[in-house]
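Chains A and B supply the protein sequences, listed in that same order.
Each position in the first sequence, counted from 1, maps to that position plus 381 in the working numbering.
Each position in the second sequence, counted from 1, maps to that position plus 201 in the working numbering.
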Amino acid sequence: MSKLQNVWSGNYIREHPIKFFGIIIHLVLRTLFAIFWLSAGINKVNKGWLNTDILKNIFLDRLTEMPPDAFAVFYLESFALPMWLVVAWIVTVGEIYSALGLLFGITTRIAAGVSFFILINLAIGGYYDASLIPFFILNIAFFMWPSGHWLGFDRFLHRKYPNSIWFK
Amino acid sequence: MLRIFSKITLVYFYISVALFAQASAQEYNTSSNLLLVGQFGELCTMCEAIVLCDDREIKQEYTQIPDDGSFTVYHFHTRTFWSQVFTIWDVFISNFNTSSVEKRGHTRPIDRYDIQNGEWKIPQRIDARLTLDPGVIDLAQTKIDRITREWLDKNNQAIGTCQRLPLWMSLETISKNTSGSH
């Protein structure tokens, strides 16, 4: 068992109070982001993203709001609009998967990577704004540190499958 | 050690599920009948919009900014950097309590262009507050009722009507008439 996995022991807390504080902050932010992301995913299911053409209409609506020469217009017209149903499934299922992964600490770092990928596509698809910046930073942090070993199923699964990249 | 971890994990999952249950209980509702509210909600953070207000009693639908006449054009800009960042909080809170977000609304910079008999005056930069409950756009000196489209003075007396115009064509007209005034 690696040292990082012993973060809840009294000895670790006494020896590394600042690190422990950082871990708590990291886990609180991971939980809040996961709840935020899960709400977003569930709302998309409820609004019919998977079985109606709502996303196509969202893209068409967005096209009218952007400068015609913007890269996002090219992205939407050449990729997102022709494949709107695939995009809808990837975004919705991806958000729910990454939210559950982060919430339960299972395949945590892969989940953070998927979440980051969705955010990148949101940004280049014309839905960028400053609110994405904290999300990018959070997902990089979730990817960099093995928080699933601190709290979550990755701790047990990594012990059982130490060579699997899913539970690193 | 394992017992402590298991207890912490259980408490964590319980709190997470409880928080999510709360978050899922409410959805952010907006009425798409309000001025500047689209079928997908409030005017988006990075969206711009043009609204024309004039004192005509009979509502006349313009398709672009007219070449002559007297009216006021409001150019709604994108939200400021920090205002955009704080939308995270608004969206998060709206999962628990929609009404506080609808009442508080948001502010964004706008340019106000007064046109008198076809002559464009120097624009003024002001902050507008857009709220969904009540459906009002507060423009400092005046207001717009987002439901009736009425243009209101400080005392809430109607002084005209307002309508949204197509963005890109309107921006071209503004640019043509105000080059060098910024």
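Beta carbons are placed, not taken as given, at the ideal position from N, Cα and C, and that holds for glycine.
A quick note: this is a predicted structure, and the numbers were derived from the prediction, not measured.
Taking CB distances under 8 angstroms as the criterion, tell me whether residue i reaches chain B.
{"i": "A:S512", "result": "yes"}
{"i": "A:G482", "result": "no"}
{"i": "A:Y456", "result": "no"}
{"i": "A:A515", "result": "Residue identity differs from the one stated: residue 515 of chain A is Pro in this sequence, not Ala. Yes - at least one Cβ of chain B is within 8 angstroms of the one on A:P515."}
{"i": "A:F548", "result": "no"}
{"i": "A:P398", "result": "no"}
{"i": "A:A522", "result": "no"}
{"i": "A:I394", "result": "no"}
So that I know if they touch, is there some Cβ in chain A lying closer than 8 angstroms to that of residue i?
{"i": "B:G306", "result": "no"}
{"i": "B:T299", "result": "no"}
{"i": "B:V302", "result": "no"}
{"i": "B:E243", "result": "no"}
{"i": "B:V337", "result": "no"}
{"i": "B:I289", "result": "yes"}
{"i": "B:F277", "result": "no"}
{"i": "B:L368", "result": "yes"}
{"i": "B:V238", "result": "no"}
{"i": "B:E228", "result": "Reliability of the predicted coordinates at B:E228 is poor, the pLDDT of 46 falling under 50, and the value obtained from them is presented with this limitation in mind. Closer than 8 angstroms to some Cβ of chain A, the Cβ of B:E228 qualifies, so yes."}
Classify residue i: buried if its beta carbon has 16 or more other beta carbons within 10 angstroms, exposed otherwise.
{"i": "B:P324", "result": "buried"}
{"i": "A:G529", "result": "buried"}
{"i": "A:F516", "result": "buried"}
{"i": "A:G403", "result": "exposed"}
{"i": "A:P527", "result": "buried"}
{"i": "B:A359", "result": "exposed"}
{"i": "B:S300", "result": "exposed"}
{"i": "B:K304", "result": "exposed"}
{"i": "A:V467", "result": "exposed"}
{"i": "B:F272", "result": "buried"}
{"i": "A:G391", "result": "exposed"}
{"i": "A:A451", "result": "exposed"}
{"i": "B:T354", "result": "Per the sequence presented here, residue 354 of chain B reads as Asp, with Thr not at that position. So B:D354 counts as exposed."}
{"i": "B:F277", "result": "buried"}
{"i": "A:I546", "result": "exposed"}
{"i": "A:S383", "result": "The pLDDT assigned to A:S383 is 48, lower than 50, so where the model puts this residue is not dependable, and the model offers no usable value."}
{"i": "A:N520", "result": "buried"}
{"i": "A:I399", "result": "exposed"}
{"i": "B:V302", "result": "buried"}
Name the residue from the options whose alpha carbon lies nearest to the alpha carbon of residue i.
{"i": "B:W369", "options": "A:V472, A:Y509, A:P448", "result": "A:P448"}
{"i": "A:L481", "options": "A:R395, A:N387, A:A421", "result": "A:A421"}
{"i": "B:C248", "options": "B:I266, B:Q285, B:E262", "result": "B:Q285"}
{"i": "A:E476", "options": "A:F440, A:I394, A:F498", "result": "A:F498"}
{"i": "A:N502", "options": "A:E446, A:A461, A:W430", "result": "A:A461"}
{"i": "A:I518", "options": "A:F548, A:N387, A:H407", "result": "A:H407"}
{"i": "B:S295", "options": "A:N424, A:R411, A:V454, A:G391", "result": "A:N424"}
{"i": "A:Y478", "options": "A:I491, A:T445, A:N438, A:F548", "result": "A:I491"}
{"i": "A:N432", "options": "A:W465, A:F485, A:Y508", "result": "A:W465"}
{"i": "B:T362", "options": "B:G242, B:I289, B:G239, B:L253", "result": "B:L253"}
{"i": "B:A341", "options": "B:I311, B:C245, B:P367", "result": "B:I311"}
{"i": "A:Y456", "options": "A:D434, A:L436, A:I505, A:A493", "result": "A:I505"}
{"i": "B:K344", "options": "B:Y263, B:F297, B:R313", "result": "B:R313"}
{"i": "A:L513", "options": "B:T246, B:F241, B:A329, B:W352", "result": "B:T246"}
{"i": "B:F293", "options": "A:L483, A:W418, A:E446", "result": "A:W418"}
{"i": "B:T332", "options": "B:G270, B:D291, B:T264, B:F297", "result": "B:D291"}
{"i": "A:D535", "options": "A:K549, A:A522, A:V474, A:F524", "result": "A:K549"}
{"i": "A:L413", "options": "B:R347, B:N318, B:I289", "result": "B:I289"}
{"i": "B:T374", "options": "B:W321, B:W352, B:D339, B:I338", "result": "B:W321"}
How would you list, in chain order, the residues of chain A whose beta-carbon sits under 7 angstroms from the beta-carbon of residue i?
{"i": "B:I251", "result": "The contacting residues do not exist; B:I251 stays about 12 angstroms from chain A at best."}
{"i": "B:F282", "result": "A511"}
Which residues in chain B have a C-beta closer than 8 angstroms to the C-beta of residue i? List them in chain order.
{"i": "A:Y509", "result": "M247"}
Which residues in chain A sit within 8 angstroms of residue i, going by Cβ to Cβ distance?
{"i": "B:Q364", "result": "Near B:Q364 there are no residues of chain A at all, since even the closest Cβ is about 16 angstroms away, more than 8 angstroms."}
{"i": "B:Q285", "result": "D510, A511, S512"}
Whose Cβ in chain A lies nearer than 9 angstroms to the Cβ of residue i?
{"i": "B:F293", "result": "L413, I416, F417, S420"}
Quick one: does residue i have its CB under 8 angstroms from some CB of chain C?
{"i": "A:L481", "result": "Absent from the structure is chain C; the protein chains it does hold are A and B."}
Report whether the distance from the Cβ of residue i to the nearest heavy atom of the ligand SAM is below 7 angstroms.
{"i": "B:T362", "result": "Absence of the ligand SAM is noted for the structure shown, with no ligands found whatsoever."}
Taking Cβ-Cβ distances below 8 angstroms as the criterion, which residues of the region 439-452 of chain A are in contact with chain B?
For the region 439-452 of chain A, the set of positions with a beta-carbon nearer than 8 angstroms to some beta-carbon of chain B reads I439, D442, T445, E446, P448, P449 in chain order.
So if I threshold CB-CB distances at 7 angstroms, which residues from the region 408-431 of chain A count as touching chain B?
The residues in question are T412, I416, F417, L419, S420, I423, N424.
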